[in-house]
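Visitor: Structure in structure tokens, see below.
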Amino acid sequence: MSAVEYSKGLDGVIAAESKICDIDGDLGLLSYRGYTIEDLADNSTFAEVAWLLLYGSLPTAAELEGFENILKSKRTIDASLLGVLSSLPKSTHPMIAIQTAIAAHGSLSPVASGRNQANFDRALELIARFPTIVAAWHRISKGLAPLDPRSDLGHGQNFLYMVTGEVPSDERGRIFDVCLILHMEHSFNASTFTGRVVASTMAPMDASVSAAVGALYGPLHGGANEGALHMLAEVSSVEDGTRYVLSELGAKRKIFGMGHRVYKAKDPRSYVLEKYLAQVAATNDPKQHYAKLKTIETAMRAEMEKTGKKIYPNVDFFSGALYELLGIEISLFTPIFAVARVAGWCAHILEQWEDNRIFRPECLYSGDSGKKWVPVSER
Ligand SMILES: CC(C)(COP(=O)(O)OP(=O)(O)OC[C@H]1O[C@@H](n2cnc3c(N)ncnc32)[C@H](O)[C@@H]1OP(=O)(O)O)[C@@H](O)C(=O)NCCC(=O)NCCS
Numbered sequence: 018m019s020a021v022e023y024s025k026g027l028d029g030v031i032a033a034e035s036k037i038c039d040i041d042g043d044l045g046l047l048s049y050r051g052y053t054i055e056d057l058a059d060n061s062t063f064a065e066v067a068w069l070l071l072y073g074s075l076p077t078a079a080e081l082e083g084f085e086n087i088l089k090s091k092r093t094i095d096a097s098l099l100g101v102l103s104s105l106p107k108s109t110h111p112m113i114a115i116q117t118a119i120a121a122h123g124s125l126s127p128v129a130s131g132r133n134q135a136n137f138d139r140a141l142e143l144i145a146r147f148p149t150i151v152a153a154w155h156r157i158s159k160g161l162a163p164l165d166p167r168s169d170l171g172h173g174q175n176f177l178y179m180v181t182g183e184v185p186s187d188e189r190g191r192i193f194d195v196c197l198i199l200h201m202e203h204s205f206n207a208s209t210f211t212g213r214v215v216a217s218t219m220a221p222m223d224a225s226v227s228a229a230v231g232a233l234y235g236p237l238h239g240g241a242n243e244g245a246l247h248m249l250a251e252v253s254s255v256e257d258g259t260r261y262v263l264s265e266l267g268a269k270r271k272i273f274g275m276g277h278r279v280y281k282a283k284d285p286r287s288y289v290l291e292k293y294l295a296q297v298a299a300t301n302d303p304k305q306h307y308a309k310l311k312t313i314e315t316a317m318r319a320e321m322e323k324t325g326k327k328i329y330p331n332v333d334f335f336s337g338a339l340y341e342l343l344g345i346e347i348s349l350f351t352p353i354f355a356v357a358r359v360a361g362w363c364a365h366i367l368e369q370w371e372d373n374r375i376f377r378p379e380c381l382y383s384g385d386s387g388k389k390w391v392p393v394s395e396r
């Protein structure tokens, strides 16, 4: 019998100590290694935040330059990985294809588990190659040839280039980098916890990261921004947003991109995404995504005021619309989440190995007991 109280879904359970990410769900605050997400989104690059997550402090100018160069030099993936991706049926879900490629990546040059230089190097390889794998699968699944990464482009810009074959403007590249920064880390979410659990068995980093990809696949974790975009297709006009909210709530259905297990205030990442969505939508929003979302948010707030429920926009509420306006296809939404989150996963796996103890919770047994075996002829 456990001395710890049972909590379904581990809600409220502290499973480990971490110095990487802090969330105050009541106040709606998020910080990576002590820096607020707003500060990082406004001022940092993807590479700088990746360094911060992995090493714990902001890099010097020389460290950042060296790190960016290493990331650029490691972008190319082995031909055998392209072979693995090409061998999958084109109908394979992108997250399955990515999980397969990451697991296969571990077979190319295996590294023993543990917080050592080889695994810091492996983390850089995974962060650098993740966009190449995602973009390669996107093109292979469409019958197109994958594009080689370009070392003259920034992290986000190069990813968008490898997907579309066109170099995005600096403004689009910067907005996409901000989207990645917002998704890089979020404490003990399901995929990060999964990665740490697998790493705690001293399985290799690639195996741990591929397990995390599997956890992110699920619609309760990685797929909600797709739902938010589908929702907009059901709202016929800006005014129709109110009808939509009332009708969904009346039918006891959830509004996508709203609510969060931890945040009981508006998700701080949604403010940043809204700022950029408003900026892009000001010149190009043919389907009035932004105005529709604002109507839905206002109608939802009015309804939630009546019930006292603390349901506010989460990170997925504005991101799907912003991605669409940036020209990104819906099938890439969850993979993009992984392109960003791989940095957080690697930081957590390395932290787990700093003071490892295998995760082994208990369960509350609720089955039968004391039964006697009977021969099959008597059953
Ligand atoms: C994120 C989510 C899974 C959190 O789940 P949770 O912490 O277990 O919260 P619950 O689902 O128990 O919700 C608590 C109450 O708020 C309501 N609620 C939660 N999210 C809601 C939403 N998006 N729309 C309408 N009502 C919602 C629930 O119906 C429930 O009401 P009840 O107490 O009358 O039954 C949930 O809010 C959700 O499904 N949101 C939509 C999907 C989404 O955007 N996911 C991305 C998360 S980043």
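Per the working numbering, the sequence shown starts with residue 18, numbered consecutively. Ideal Cβ positions, reconstructed from N, Cα and C, are used throughout, including at glycine.
Run through the DSSP bridge pairs and tell me what L46 is partnered with.
Guide: Answer by DSSP bridge pairing, in chain order: D41.
Visitor: Regarding G200 and ligand 1, is the C-beta to nearest heavy atom distance less than 7 Å?
Guide: Note on identity: in this sequence residue 200 is His, with Gly being the wrong assignment. The answer is no for H200.
Visitor: List the endpoints of the continuous alpha helix (DSSP H) containing E188.
Guide: Where E188 is concerned, the enclosing alpha helix (DSSP H) stretches over 187-200.
Visitor: Here's the rule I'm using: 16 or more other beta-carbon atoms within 10 Å means buried, otherwise exposed. How should V393 be labelled?
Guide: The residue is exposed, with fewer than 16 neighbouring Cβ atoms inside 10 Å.
Visitor: Under the criterion of a Cβ to heavy atom distance below 7 Å, does F273 qualify as lining ligand 1?
Guide: Yes, since a heavy atom of ligand 1 falls inside the 7 Å radius drawn around the Cβ of F273.
Visitor: Taking I144 as the reference, which of S90, I157, V279 has the closest Cα?
Guide: Nearest option by C-alpha distance: S90.
Visitor: What did DSSP end up calling Y52 once you bin it into helix, strand or coil?
Guide: If DSSP states are grouped into helix, strand and coil, Y52 belongs with the strands.
Visitor: Who are the near neighbours of F350 in its chain, counting only those whose CB is closer than 7 Å to its CB and skipping five residues on each side?
Guide: Contacts found: N242, E243, G337, Y340.
Visitor: Is the segment 270-280 touching the segment 39-49 in the sense that three or more CB pairs, one from each, lie closer than 8 Å?
Guide: Short answer: they touch.
Visitor: Does the Cβ of L237 lie closer than 7 Å to at least one heavy atom of ligand 1?
Guide: Checking the Cβ of L237 against ligand 1 gives yes.
Visitor: Please state whether the Cβ-Cβ distance between T13 and G171 is less than 8 Å.
Guide: Not covered by the structure: residue 13. The range shown for the chain is 18 to 396.
Visitor: Report the rounded CA-to-CA distance for R50 versus D95, giving the unit in angstroms.
Guide: R50 and D95: Cα-Cα distance of roughly 33 Å.
Visitor: Starting from V180, trace the alpha helix (DSSP H) in both directions and tell me its first and last residue.
Guide: Where V180 is concerned, the enclosing alpha helix (DSSP H) stretches over 172-181.
Visitor: Go to P419, then tell me how far its alpha helix (DSSP H) extends in each direction, as first and last residue.
Guide: Because residue 419 is not part of the residues shown, which for the chain are 18 to 396, the question remains open.
Visitor: I'd like the ranges of any alpha helix (DSSP H) spanning at least 4 consecutive residues and lying wholly in the segment 275-357.
Guide: List check, alpha helix (DSSP H) in window: 285-298, 306-324, 332-342.
Visitor: If you draw a straight line from the alpha carbon of I272 to that of L263, how long is it in whole angstroms?
Guide: Computed Cα separation, rounded: 10 Å.
Visitor: Leaving out the 5 sequence neighbours to the left and right, which residues in its chain are closer than 6 Å to P148 when beta-carbon positions are compared?
Guide: So the qualifying residues of the chain are F176, V356.
Visitor: Following a CB-centred definition, is K326 positioned closer than 7 Å to any heavy atom of ligand 1?
Guide: The answer is yes for K326.
Visitor: Since K89 is in the alpha helix (DSSP H), which residue starts that stretch and which ends it?
Guide: Unbroken alpha helix (DSSP H) run through K89: 78-90.
Visitor: In angstroms, rounded to a whole number, what distance separates the CA positions of V184 and L237?
Guide: When rounded, the distance between both Cα atoms is 33 Å.
Visitor: Assuming H200 contacts R358 (C-beta within less than 8 Å), just tell me the rounded distance between them.
Guide: Going by Cβ atoms, the distance from H200 to R358 rounds to 6 Å, so yes, they are a contact pair.
Visitor: Roughly how many angstroms separate the alpha carbons of S208 and A295, rounded to a whole number?
Guide: Between S208 and A295, the C-alpha separation is close to 30 Å.
Visitor: Closest by CA to S158, which one among S348, D28, D41, G190?
Guide: When only C-alpha atoms are compared, the closest one is S348.
Visitor: I need the DSSP call for W390, collapsed to helix, strand or coil.
Guide: Looking at W390 - three-state DSSP - the assignment turns out to be coil, as it is neither helix nor strand.
Visitor: In whole angstroms, what separates the C-alpha of L21 from that of A360?
Guide: Per the sequence presented here, residue 21 reads as Val, with Leu not at that position. Roughly 32 Å between the two C-alpha positions.
Visitor: At a cut-off of 7 Å, would you count A135 as near ligand 1, judging by its Cβ distance to the nearest heavy atom?
Guide: False, no ligand heavy atom lies under 7 Å from that Cβ.
Visitor: Can you tell me whether E395 is helix, strand or coil according to DSSP?
Guide: Three-state DSSP puts E395 in a helix.
Visitor: From A78 to H110, what distance separates their C-alpha atoms?
Guide: Rounded to the nearest angstrom, the two C-alpha atoms are 40 Å apart.
Visitor: Spatial neighbours of A114 within its chain, please: CB distance less than 7 Å, with the 5 preceding and 5 following residues excluded, ordered by chain position.
Guide: Taken in chain order, the residues that qualify are L102, L105, W154.
Visitor: Short of 6 Å in beta carbon distance, which residues of its chain neighbour V30, apart from the five on each side in sequence? Order them along the chain.
Guide: Here the set comprises S24.
Visitor: Check whether the Cβ atoms of K36 and G73 lie closer than 8 Å to each other.
Guide: Cβ atoms of K36 and G73: closer than 8 Å.
Visitor: Can you list, in chain order, the residues of its chain with a C-beta nearer than 7 Å to that of G123? Leave out the 5 residues immediately preceding and following it.
Guide: Around G123: P221, D223, A224.
Visitor: Three-state secondary structure (DSSP) at L233?
Guide: Helix at L233.
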